[in-house]
Amino acid sequence: MPVVEEYYDVVVVGAGHAGCEAALACARMGLETIMFTVSVDSIALMPCNPNIGGSSKGHLVREIDALGGEMGKNIDKTFIQSKMLNASKGPAVYSLRAQADKQDYTREMRRTLENTEGLHVRQGEAAEIIVEGGKLQGIKMASGAIYRCKAAVLAAGTYLRARCIYGEVSQNTGPNGLQAAVYLTESLQKNGVKMRRFKTGTPARVDKRSLDFTKMEEQFGDERIVPFSFATDPESVQKDQVSCWLTYTTPETHQIIRNNLDRSPLFSGAIEGTGPRYCPSIEDKVVKFADKERHQVFIEPEGLYTNEMYLGGLSSSLPEDVQYEMYRTVKGLENVRIVRNAYAIEYDCIDALQLNPTLEFKNITGLYSAGQINGSSGYEEAAAQGLIAGINAALSIQNKDRLVLDRSQAYIGVLIDDLVTKETHEPYRMMTSRAEYRLLLRQDNADMRLTEIGYRVGLIDEDRYQKYLTKKEIIQREMDRLRQIHVGGSETVQNFLEKHNSTLLNNGSGMTLAELLKRPELNYFLLAEIDPVRPVIPRDAAEQVNINLKYEGYINRQMKQVEQFKKLENRRLSSGFDYTAVKGLRKEAVQKLEAFKPASIGQASRISGVSPADISVLLVYLEQKRREA
Amino acid sequence: MEQRTIAAIATAMSPGGISVIRISGPEAFEVADRVFRSKKAGKRLCEQETHTIHYGYIFRNEEMIDEVLVLLMRGPKSYTAEDTVEIDCHGGVLVTKRILETVLENGASPADPGEFTKRAFLNGRIDLSRAEAVMDLIQAKNEFARKNAVSQLNGKLYFKIKDFRDMILDGAAQIEAALDDPEQISLEGFCEKLDQDLDGICIGLDEMLADADNGRMLAEGIRTVILGRPNAGKSSLLNLLAGQERAIVTEIAGTTRDTLEEQILLGGIGFRLVDTAGIRSTEDIVEKIGVSKAMEQAENADLILYVVDGSMPLDENDEQIIGMIQDKKAVVLLNKSDLPLYISEEELKEKTGKKVITVSAKEFTGFKRLENVLCEMFLHREVQYNDEVWITNIRQKENLRHARESLQLVRESISQNMPEDFLTIDLMNAYMELGYILGEEVEDDMVDRVFSKFCMGK
Numbered sequence: 001m002p003v004v005e006e007y008y009d010v011v012v013v014g015a016g017h018a019g020c021e022a023a024l025a026c027a028r029m030g031l032e033t034i035m036f037t038v039s040v041d042s043i044a045l046m047p048c049n050p051n052i053g054g055s056s057k058g059h060l061v062r063e064i065d066a067l068g069g070e071m072g073k074n075i076d077k078t079f080i081q082s083k084m085l086n087a088s089k090g091p092a093v094y095s096l097r098a099q100a101d102k103q104d105y106t107r108e109m110r111r112t113l114e115n116t117e118g119l120h121v122r123q124g125e126a127a128e129i130i131v132e133g134g135k136l137q138g139i140k141m142a143s144g145a146i147y148r149c150k151a152a153v154l155a156a157g158t159y160l161r162a163r164c165i166y167g168e169v170s171q172n173t174g175p176n177g178l179q180a181a182v183y184l185t186e187s188l189q190k191n192g193v194k195m196r197r198f199k200t201g202t203p204a205r206v207d208k209r210s211l212d213f214t215k216m217e218e219q220f221g222d223e224r225i226v227p228f229s230f231a232t233d234p235e236s237v238q239k240d241q242v243s244c245w246l247t248y249t250t251p252e253t254h255q256i257i258r259n260n261l262d263r264s265p266l267f268s269g270a271i272e273g274t275g276p277r278y279c280p281s282i283e284d285k286v287v288k289f290a291d292k293e294r295h296q297v298f299i300e301p302e303g304l305y306t307n308e309m310y311l312g313g314l315s316s317s318l319p320e321d322v323q324y325e326m327y328r329t330v331k332g333l334e335n336v337r338i339v340r341n342a343y344a345i346e347y348d349c350i351d352a353l354q355l356n357p358t359l360e361f362k363n364i365t366g367l368y369s370a371g372q373i374n375g376s377s378g379y380e381e382a383a384a385q386g387l388i389a390g391i392n393a394a395l396s397i398q399n400k401d402r403l404v405l406d407r408s409q410a411y412i413g414v415l416i417d418d419l420v421t422k423e424t425h426e427p428y429r430m431m432t433s434r435a436e437y438r439l440l441l442r443q444d445n446a447d448m449r450l451t452e453i454g455y456r457v458g459l460i461d462e463d464r465y466q467k468y469l470t471k472k473e474i475i476q477r478e479m480d481r482l483r484q485i486h487v488g489g490s491e492t493v494q495n496f497l498e499k500h501n502s503t504l505l506n507n508g509s510g511m512t513l514a515e516l517l518k519r520p521e522l523n524y525f526l527l528a529e530i531d532p533v534r535p536v537i538p539r540d541a542a543e544q545v546n547i548n549l550k551y552e553g554y555i556n557r558q559m560k561q562v563e564q565f566k567k568l569e570n571r572r573l574s575s576g577f578d579y580t581a582v583k584g585l586r587k588e589a590v591q592k593l594e595a596f597k598p599a600s601i602g603q604a605s606r607i608s609g610v611s612p613a614d615i616s617v618l619l620v621y622l623e624q625k626r627r628e629a
Numbered sequence: 001m002e003q004r005t006i007a008a009i010a011t012a013m014s015p016g017g018i019s020v021i022r023i024s025g026p027e028a029f030e031v032a033d034r035v036f037r038s039k040k041a042g043k044r045l046c047e048q049e050t051h052t053i054h055y056g057y058i059f060r061n062e063e064m065i066d067e068v069l070v071l072l073m074r075g076p077k078s079y080t081a082e083d084t085v086e087i088d089c090h091g092g093v094l095v096t097k098r099i100l101e102t103v104l105e106n107g108a109s110p111a112d113p114g115e116f117t118k119r120a121f122l123n124g125r126i127d128l129s130r131a132e133a134v135m136d137l138i139q140a141k142n143e144f145a146r147k148n149a150v151s152q153l154n155g156k157l158y159f160k161i162k163d164f165r166d167m168i169l170d171g172a173a174q175i176e177a178a179l180d181d182p183e184q185i186s187l188e189g190f191c192e193k194l195d196q197d198l199d200g201i202c203i204g205l206d207e208m209l210a211d212a213d214n215g216r217m218l219a220e221g222i223r224t225v226i227l228g229r230p231n232a233g234k235s236s237l238l239n240l241l242a243g244q245e246r247a248i249v250t251e252i253a254g255t256t257r258d259t260l261e262e263q264i265l266l267g268g269i270g271f272r273l274v275d276t277a278g279i280r281s282t283e284d285i286v287e288k289i290g291v292s293k294a295m296e297q298a299e300n301a302d303l304i305l306y307v308v309d310g311s312m313p314l315d316e317n318d319e320q321i322i323g324m325i326q327d328k329k330a331v332v333l334l335n336k337s338d339l340p341l342y343i344s345e346e347e348l349k350e351k352t353g354k355k356v357i358t359v360s361a362k363e364f365t366g367f368k369r370l371e372n373v374l375c376e377m378f379l380h381r382e383v384q385y386n387d388e389v390w391i392t393n394i395r396q397k398e399n400l401r402h403a404r405e406s407l408q409l410v411r412e413s414i415s416q417n418m419p420e421d422f423l424t425i426d427l428m429n430a431y432m433e434l435g436y437i438l439g440e441e442v443e444d445d446m447v448d449r450v451f452s453k454f455c456m457g458k
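Just so you know, the protein sequences line up as chains A and B, in that order.
Residue numbers 1 to 629, in full-length UniProt numbering, belong to the letters of the first sequence in order.
Residue numbers 1 to 458, in full-length UniProt numbering, belong to the letters of the second sequence in order.
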């Protein structure tokens, strides 16, 4: 039977947040790229919460943007409310979050994809990976069509053998009723890929007209909106915003849930996958935190185009009738009408320990994997992986050094290192506490950290790169200047200090402006009053100056730790390394290291079951081999 | 090149001989300068020629600890090929230990097990042919340290540190939960409460540190197990040894073991006496458990004191014990010499192949001889402290000190109104340091605690 057979540089399987970033990266790096999706109408779909960013996820979006990814720009174009979370805390944990108009988000991303040279969007279900001699040759579709390629990125999300469940109802569909991908799992397994089954869930969507907002607290967006993308002009995003609403469950809600637990597939055992602890269903919360009298519910609009509202905090897999009954006990939801039911979804994903930090399979050259199929959760986590997988697929075809961000460079580095090194038993979500150097990995300095890298791989254009260089220089010059300017106990200075409840300066013993800036009650912007020769610099550069100097002590401490960290990180280990030949290693360590094949001594040290003594032994062994050579 | 400057005692511990404290790493000279005072005022070691010897004193703040010789070796001409300072002292075990502690307080870190050798190899000072031996040594020393770290720890202390760690993790988890889900979890009034908690923990840690200085925190000395069948006189022997005027120190009731321990000094040497008598019973089955417990203790002993009831013939218990101590360091005590003896010293010596001393716990005879024999054995290195145990204890004290410092930083940050996310860094440092003492790693503790205590997520 004749079938379609075509050739591309890169095939991307999936058009969700990971797939979009991967395909855009490859095409922008000059490669002929084809992206498959089960539905062209569902590109960059947000099947769960209607927002982008939030604690630590906002950091990821900023980093994606600094590397030349799309997510930040796309949400800047389509947001309907924006908020900087944790603004009263330290700068390391400020987190940007924006409510999206879901349909707009999808449409804008599709427009970008369709207008990118070398990028082709195609509807169809990938069925098999074609592998010969441990090397990927192409992808075979359910239709029988064959797409030969030099590299492929799997970004199949939660679609593999997906099953949606609520109560006694179980349907073999992907999210939002879309067609599941039924063949790919088997083909992956045949090629030696270990699979696992995870689970997650989403709350119901309801009709806005059926809600009583007078019983809820209105949640506004920020007055001054900060865009996600460093390339977006801040003035362009100052616009009217819509509100979200906060309400609460009641004791009746909890009673109804408890009465119907036996009908929940989670508790009856009808669901086999492992769900995330950070995204519990309302029935999970009621059972685990039985003493809590009420739980928060955030009502968020799905977009400007629709009356659908998202019930944040009420994810559930209870039967339809129970959903109605319990939702109607939530304040303001007494007459609620459901548009879409809440459901749990379970799906196949890979054990990500089979991946290199480049996101390429250790055992299948040319095959990359990104997003929820890797056992992560969240749009932002997916997009971050998609970008890195795409970049590395392209770099490998171009025969260039691969891109691996380490834990001291980016949240993206932490995310991927965790995924490919640590055994996780639930869908992985980013958290700021997972980043050990979080004072350095701020959302405000993502451009300072990563623009250079984005430029080198070819995703940041010359204009943006020059702007970055200029900003960097302005910051450095201004910091140097503040370190050199001494102020004494002049009347102006003393008056200024008194006004801000700050200790007065002793006569004679002056202080530099940089030192003064470190006082808790002062900052760079206030000091303008006693700094008459200050040059005018852009606001974002001024913020960098302020943070860098204010928290210098803490930052320097972390930089020192990073130095130590880098030493082990920079000691590369080849994938052919024979750990059984290292006599001094403990048996457990040999087994773990053989199975993992870590990319560096640093990664080896983070594998559970490998002790510091094992690392010392490895270092001695490497030195032995070096001297023998 | 390594950045950390490390220190440890480089010689085996003995009461009379010379001990060497070795400091190695980029700041070795600076650290030495901070603790060393030359006879000639103002002489700085940093400015001296390499491979020279200097005479002077070690000071801990204003207190003179010992008269010493200091050897300076600039890298690469030293054992580790790094800048190295060796302090030779002759003040015995306690003084040596205090010099090391002083060095650690002044900027050096305690060397990891096998670290000097590792550095020597990595820096090319040890021949390639010995690479495997070096790897074996690192692994063996670490294994030993790991096994001993917790078992050396006084039981009450173990649970106290566990409690402190728990409180610290709770604090950090509360902060992280609030950062992750600021709309649901508030930190209103949290810092005041945390500061109070930390105040309590700091007081507790101060007490532990003071105890550590008095040698009360950690069991040190030659681990000596008293064996013998029921009624041979083990308990009286222990009481006698512990009750002598020189035999002071403390009673350590281990919560993880059913045995009683006494720390004593005999002839200036520290012993940890482990009495296996408390697990006796007339019930046969329980008796058996008792014997197997005693066996277990004996397995890990540096020295065994085997007490024989001379007023009775040897029974099968004795046969079993004799069989067991064959490949161990042991001294046999022929007790109850106040009664007619069934067996003579010579016969028993023949039978056991060990030194035999006739004693009477009742009339307190033979103990001077026992003391002499033990001192002899120690001086001839027949029994010794395990150095790794010893350094483990010092490491644990360093961990306590670092934990204390980190918590102090947290409290300073609170008083300066620093944002809460800054507090977590030092809280988790303290958590990690205390974890080292218990032999526990950090891993995903924080994330686990966040999810188990807080209802998060939408």
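In this text, a Cβ means the ideal position worked out from N, Cα and C, and glycines have one as well.
Not flagged as an interface residue toward chain A: Gly439/B, since no C-beta distance is shorter than 8 Å. Taking every protein chain shown into account, the CB of Ile18/B has fewer than 16 other CB atoms within 10 angstroms, so this residue is exposed.
At a cut-off of 8 Å between C-beta atoms, Val134/B counts as an interface residue with respect to chain A.
Each residue's CA atom was taken as its position, placing Gly72/A and Asp101/A some 14 Å apart. The residue among Arg277/A, Pro203/A, Thr247/A with its C-alpha nearest the C-alpha of Arg294/A is Thr247/A.
Around Val420/A, no beta-carbon contact reaches into chain B at under 7 Å, the shortest distance being about 16 Å. The DSSP assignment places complete beta strand (DSSP E) segments of no fewer than 3 residues inside the stretch 25-62 of chain B at 36-38, 52-60, in order along the chain. Rounded to whole angstroms, the Cβ separation of Gly366/B and Ser337/B is 7 Å, and the two are in contact under 8 Å.
In the three-state scheme derived from DSSP, where H, G and I count as helix and E and B as strand, Met446/B is classed as helix.
In the structure shown, Leu72/B adopts extended strand secondary structure according to DSSP, grouped into three states. In the three-state reduction of the DSSP assignment, Met377/B falls in the helix class, which pools H, G and I.
Look at Pro251/A here: in three-state DSSP terms it is helix. Under the three-state reduction of DSSP output, Ala330/B falls in the strand class.
Taking 8 Å as the cut-off between beta carbons, the residues of the stretch 289-302 of chain A near chain B are Phe289, Lys292, His295, Gln296, Phe298, in sequence order. Here His486/A is bridged, per DSSP, to Thr512/A. In the same chain as Glu325/A, and ignoring 5 residues on each side of it, the C-beta atoms closer than 6 Å to its own belong to Ile256, in chain order. Contact note: Asn86/A reaches chain B through Leu179, Pro182, using a C-beta cutoff of 7 Å and chain order. Annotated three-state conformation of Gly413/A is helix, per DSSP.
When C-alpha distances from Glu101/B are compared across Leu237/B, Met446/B, Arg34/B, Ile175/B, the shortest belongs to Arg34/B. Here Pro612/A carries a helix assignment [DSSP, helix/strand/coil].
Ile615/A and Ala384/A have their C-alpha atoms some 30 Å from each other. For the 8 Å CB-CB criterion, Tyr159/A and Ser317/A do not form a contact. Taking 8 Å as the cut-off between beta carbons, the residues of the stretch 396-430 of chain B near chain A are Gln416, Asn417, Met418, Pro419, Glu420, Asp421, Phe422, Thr424, Ile425, in sequence order. For Lys141/B, the secondary structure class from DSSP, reduced to helix, strand or coil, is helix.
When DSSP reads this structure, Tyr159/A sits in no beta bridge, so it has no partner.
Neighbours of Gly171/B in chain A, taken as residues at a C-beta separation under 9 Å, are lacking, since the least C-beta distance is about 13 Å.
The C-alpha of Asn115/A is placed about 45 Å away from the C-alpha of Tyr554/A. Looking at Arg539/A, Ile537/A, Glu302/A, Ile601/A, the one whose alpha-carbon comes closest to that of Pro50/A is Glu302/A. Spatial neighbours of Pro265/A in its own chain (CB-CB distance under 6 Å, excluding positions within 5 residues in sequence) are listed in chain order as Ile165, Ile271, Ser317. Per DSSP, the continuous alpha helix (DSSP H) segment holding Phe496/A begins and ends at 491-499.
With respect to the 8 Å criterion, Leu198/B and Leu407/B are classified as neighbours on the basis of their beta carbons.
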